[in-house]
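Asks: Attaching a single structure in structure tokens format; questions to follow.
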Amino acid sequence: MATVVDEVGKKEVKFAEEEKDEIINEAEDASGDASKKKKKRKKKKKAESENVPENGTTEANKEGAATTEKKKKRKNKGKGANKDPIAFPVRTLYPENGFPVGEILEYPPVNGVDERKAKDRYTSEEAKAAERDHEEEYNEARLAAEAHRRTRKHIKQWVKPGMTMIEICNELETVARRLIDENGLKAGLAFPTGCSRNHCAAHYTPNSGDPTVLQYDDVTKIDFGTHINGRIIDCAFTLTFNPKYDKLVEAVREATNTGIKASGIDVPLCEVGEAIQEVMESYELELDGKTYPIKSIRNLNGHSIAPYQIHSGKTVPIVKGGERRERMEENEFYAIETFGSTGRGMVHDDADCSHYMKKFEAGFVPLRLQSSKTLLNTINKNFGTLAFCKRWLDGLGCTKYQMALKDLCDKEAVEAYPPLVDIKGSYTAQFEHTIVLRPTCKEVISRGDDY
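Residue numbering for the sequence shown follows the UniProt record's numbering, beginning at 1 and increasing consecutively.
The following block contains the structure:
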């Protein structure tokens with residue numbers, strides 16, 4: 001039996017060894033298959049990563065690029081918002097106080113004066129040195145001018161027929177105050193917004209409750225001022241919607257530009273007026289089949305400007321005549337403004353006054369009424385010798401001031417400036433710029449891309 005057991009044992013061992021070999025082979029085959037599968041997965045992944053479209057962007061990269069693009073758009077949107085021309089005070093946009101310089105013009109030759117003198121001013125070292133002494137006041141005026149330019153650009157784009165005059169004035173003054181960074185008497189509006197329509201040439205601004213609405217056929221003079229430390233920019237333009245008034249607008253704009261070109265150091269004021277009238281009255285306007293000559297409004301003028309003094313003594317006529325003795329002088333500021341009319345070419349006072357201004361040299365004025373004293377204190381604190389209107393007094397919370405205001409006018413502490421009108425049915429237009437006669441050149445400080 002022992003022999004049989006031995007054979008069987010040998011066979012079992014043999015079978016066991018064969019079975020073991022099969023298991024090992026199967027395991028190796030399985031391992032090989034797994035390895036092959038793993039390699040296949042790696043190859044597939046690699047192939048996917050290498051399977052890049054022609055534009056070089058994978059699906060994952062596309063998602064990343066889209067996210068980046070959104071971020072860029074948000075970033076650019078933020079930048080665009082910061083570039084809003086009326087969102088921030090002008091001063092913050094020019095941190096180095098390098099405010100835009102106005103249009104630079106050489107001086108014209110002057111009759112009776114060596115022609116080379118005007119031309120040599122531009123390169124004169126002496127003139128340049130004199131100019132540096134006034135750079136601060138020039139810069140203040142340039143800041144005020146930039147606020148004016150941005151304000152009027154906004155208003156021209158925003159305004160439309162159907163708006164009330166109060167609505168228009170409130171929008172303009174709100175924007176201008178923000179841009180000039182209003183600060184008491186140091187910075188702000190130099191006078192109320194004039195929005196005189198049609199036959200009314202100047203000095204109309206709506207009083208509270210005025211229901212007047214801007215019409216499509218209106219010819220409106222938008223005249224407003226800004227200032228820094230009393231350095232005033234007085235600048236105006238004519239707003240129309242109906243193109244039938246284009247020749248009237250063109251005549252007055254060109255007349256103003258002519259007055260600017262004619263202005264200069266040592267130039268007689270009467271010569272400026274003569275040049276203005278010649279250009280103005282070379283135009284005519286055809287309305288509804290009738291032709292109207294355009295006339296200079298002879299009793300309206302340009303004027304010199306001093307700190308906190310809108311009319312500082314000299315007048316710039318817009319018609320021929322006047323004394324030849326009075327001349328323009330170095331470093332003087334002027335408002336060169338012209339008015340054209342299809343009417344008589346003369347204006348007179350109208351009722352319902354809105355503009356007022358404390359007299360520059362009024363001095364001490366004895367007052368009996370307490371209400372007059374209170375109102376004068378309010379005027380001194382908020383406006384000084386700059387012009388104001390009833391609407392602004394209302395905004396300060398003043399009430400029942402009509403009698404006090406009349407008393408101040410009667411006592412000659414304050415002067416009233418009622419609306420100025422030509423004959424009814426006529427149309428008037430206005431353009432105006434502020435210039436300074438620098439030692440080297442003439443600078444049109446308020447000049448813009450618009451006019």
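All C-beta atoms in this analysis are idealised placements derived from N, C-alpha and C, irrespective of residue type, glycine included.
Should TYR427 and LEU248 be called a contact, given that it needs their Cβ atoms to be closer than 8 Å?
Replies: Your numbering for residue 427 matches position 427 in the sequence shown. Your numbering for residue 248 matches position 248 in the sequence shown. Yes, Cβ-Cβ distance for TYR427 and LEU248 is below 8 Å.
Asks: Just to confirm before moving on: does the CB-CB distance between residue 461 and SER196 stay below 8 Å?
Replies: Outside the modelled stretch of the chain, which goes from 1 to 451, sits residue 461, for which no answer is possible.
Asks: Kindly indicate which residue of PHE339, ALA187, SER304 has the alpha-carbon position closest to the one of residue 490.
Replies: For the chain, the structure presents residues 1 to 451; residue 490 sits outside this window and is missing.
Asks: Using three-state DSSP, classify VAL279 as helix, strand or coil.
Replies: Mapped onto the sequence shown, residue 279 falls at position 279. VAL279: helix per DSSP, three-state reduction.
Asks: Can you tell me where the beta strand (DSSP E) with GLN430 in it begins and where it stops?
Replies: Within the sequence shown, the letter at position 430 stands for residue 430. First-last of the beta strand (DSSP E) with GLN430: 428–437.
Asks: Taking Cβ to Cβ, would you say TYR292 is nearer than 8 Å to THR342?
Replies: Taking the sequence shown and counting its residues from 1, the one referred to as residue 292 is at position 292. Taking the sequence shown and counting its residues from 1, the one referred to as residue 342 is at position 342. Yes. Within cutoff.
Asks: In or out: ALA87 buried (at least 16 other Cβ within 10 Å) or exposed?
Replies: On the sequence shown, residue 87 is found 87 positions in, with the first residue counted as 1. Exposed, because fewer than 16 other Cβ atoms sit within 10 Å of the Cβ of ALA87.
Asks: Can you tell me which of GLY289, LEU285, TYR283, THR315 puts its alpha carbon nearest to the alpha carbon of LEU298?
Replies: Here the question's residue 298 lines up with position 298 in the sequence shown. Checking the displayed sequence, the identity of residue 298 turns out to be Arg instead of Leu. When only C-alpha atoms are compared, the closest one is THR315.
Asks: Tell me where the beta strand (DSSP E) around GLY302 begins and ends.
Replies: On the sequence shown, position 302 is the one that residue 302 refers to. Per DSSP, GLY302 belongs to the beta strand (DSSP E) from 302–305.
Asks: Could you pull out every residue in the same chain whose Cβ sits closer than 8 Å to the Cβ of THR151, ignoring the five residues on either side in sequence?
Replies: Your numbering for residue 151 matches position 151 in the sequence shown. The answer, listed in chain order, is ILE86, LEU172, VAL175, ALA176, LEU179, PHE224, THR226.
Asks: Since ILE435 contacts LYS424 with CB under 8 Å, what's their CB separation in whole angstroms?
Replies: By 1-based counting over the sequence shown, the position of residue 435 is 435. By 1-based counting over the sequence shown, the position of residue 424 is 424. Rounded, the Cβ-Cβ distance is 34 Å, inconsistent with contact.
Asks: HIS199 lies in the beta strand (DSSP E); which residues open and close that run?
Replies: Walking along the sequence shown from the start, residue 199 turns up at place 199. Per DSSP, HIS199 belongs to no beta strand (DSSP E) and is neither H nor E.
Asks: Just list the residues that DSSP pairs MET357 with in beta bridges.
Replies: For the purposes of this step, residue 357 is taken as the residue at position 357 of the sequence shown. Answer by DSSP bridge pairing, in chain order: GLU415.
Asks: Alpha helix (DSSP H) containing ARG150: first to last residue?
Replies: Translated into the one-based positions of the sequence shown, residue 150 becomes position 150. Segment 135–158, the alpha helix (DSSP H) holding ARG150.
Asks: Start and end of the alpha helix (DSSP H) containing residue 455?
Replies: This structure does not reach residue 455, given that the chain is present from 1 up to 451, and the question cannot be answered.
Asks: Three or more C-beta pairs under 8 Å: does that hold for the stretch 183–191 against the stretch 397–413?
Replies: In short, these stretches do not touch, since the Cβ pair count stays below three.
Asks: Please say whether ILE265 and MET280 have beta carbons closer to each other than 8 Å?
Replies: As a position in the sequence shown, residue 280 is number 280, starting the count at 1. As a position in the sequence shown, residue 265 is number 265, starting the count at 1. Contact flag unset, no.
Asks: When the distance is taken between beta carbons, is TYR216 closer than 8 Å to ASN242?
Replies: Counted from its first residue, the sequence shown places residue 242 at position 242. Counted from its first residue, the sequence shown places residue 216 at position 216. A contact, by the Cβ cut-off of 8 Å.
Asks: Evaluate SER282 with the Cβ neighbour count: other Cβ atoms within 10 Å of its Cβ, from every protein chain shown; 16 or more gives buried, anything less gives exposed.
Replies: Walking along the sequence shown from the start, residue 282 turns up at place 282. With fewer than 16 other Cβ atoms within 10 Å, it is exposed.
Asks: For the stretch 162–216, which segments carrying the beta strand (DSSP E) assignment without a break, of at least 3 residues, lie completely within its bounds, in sequence order?
Replies: Segments of the beta strand (DSSP E) lying fully in the stretch 162–216: 187–197, 200–202.
Asks: Beta-carbon within less than 6 Å of ILE318's beta-carbon, same chain only, minus the 5 sequence neighbours each way: which residues are those?
Replies: For the purposes of this step, residue 318 is taken as the residue at position 318 of the sequence shown. The answer, listed in chain order, is GLY273, ILE276, SER296, THR338.
Asks: Leaving out five residues before and five after THR256 in sequence, what residues of the same chain have Cβ atoms less than 7 Å from its Cβ?
Replies: For the purposes of this step, residue 256 is identified with residue 256 of the sequence shown, where counting begins at 1. The answer, listed in chain order, is ILE336, GLU337, THR338, PHE431, GLU432, HIS433.
Asks: In the DSSP output, which residue or residues are listed as bridge partners for GLU284?
Replies: One-based indexing of the sequence shown puts residue 284 at position 284. BP columns for GLU284 point to PRO293.
Asks: I'd like the span of the alpha helix (DSSP H) that includes VAL90, first residue to last.
Replies: As a first step, residue 90 is located in the sequence shown; it is residue number 90 there, counting from the start. From DSSP, the alpha helix (DSSP H) with VAL90 extends over 90–93.
Asks: Based on Cα-Cα distance, which residue from ARG368, TYR122, ARG391, GLY363 lies nearest to ASN380?
Replies: Counting from one through the sequence shown, the residue named residue 380 turns up at place 380. Ranking ARG368, TYR122, ARG391, GLY363 by Cα distance to ASN380 puts GLY363 first.
Asks: Is ILE166 buried or exposed, if buried means 16 or more other CB atoms sit within 10 Å of its CB?
Replies: As a working note, residue 166 is residue 166 in the sequence shown. It is buried - the Cβ of ILE166 has at least 16 other Cβ atoms within 10 Å.
Asks: Do you know how far the Cα of VAL110 is from the Cα of VAL267?
Replies: Along the sequence shown, read from residue 1 onward, the residue named residue 267 stands at position 267. Along the sequence shown, read from residue 1 onward, the residue named residue 110 stands at position 110. C-alpha separation (whole angstroms): 6 Å.
Asks: Where does LEU375 sit, in a helix, a strand or coil, going by DSSP?
Replies: Locating residue 375 in the sequence shown gives position 375, where the first residue counts as 1. Correct three-state label for LEU375: helix.
Asks: Would you decide whether ASN301 is buried or exposed? Buried here means 16 or more other CB atoms lie within 10 Å of its CB.
Replies: Along the sequence shown, read from residue 1 onward, the residue named residue 301 stands at position 301. With 16 or more Cβ atoms within 10 Å of its Cβ, ASN301 is classed as buried.
Asks: Smallest Cα separation from LYS119: which of GLU131, ALA127, GLU106?
Replies: As a first step, residue 119 is located in the sequence shown; it is residue number 119 there, counting from the start. Out of GLU131, ALA127, GLU106, GLU106 has the C-alpha closest to the C-alpha of LYS119.
Asks: From which residue to which residue does the beta strand (DSSP E) around GLY225 run?
Replies: Translated into positions along the sequence shown, residue 225 becomes position 225. Looking at the DSSP string, the run of the beta strand (DSSP E) that includes GLY225 is 219–228.
Asks: I'd like to know if the stretch 186–195 and the stretch 119–135 are in contact, where contact means that at least 3 CB-CB pairs between them fall below 8 Å.
Replies: Cβ pair count under 8 Å is below three, so no.
Asks: When DSSP labels each residue in this structure, what does PRO243 get in the three-state scheme?
Replies: One-based indexing of the sequence shown puts residue 243 at position 243. Residue state, collapsed to three classes: helix.
Asks: Determine the closest residue to GLY102 out of LEU143, LEU93, ARG132, ASP133, with distance taken between C-alpha atoms.
Replies: Position 102 of the sequence shown holds residue 102. The shortest C-alpha separation from GLY102 is found at LEU143.
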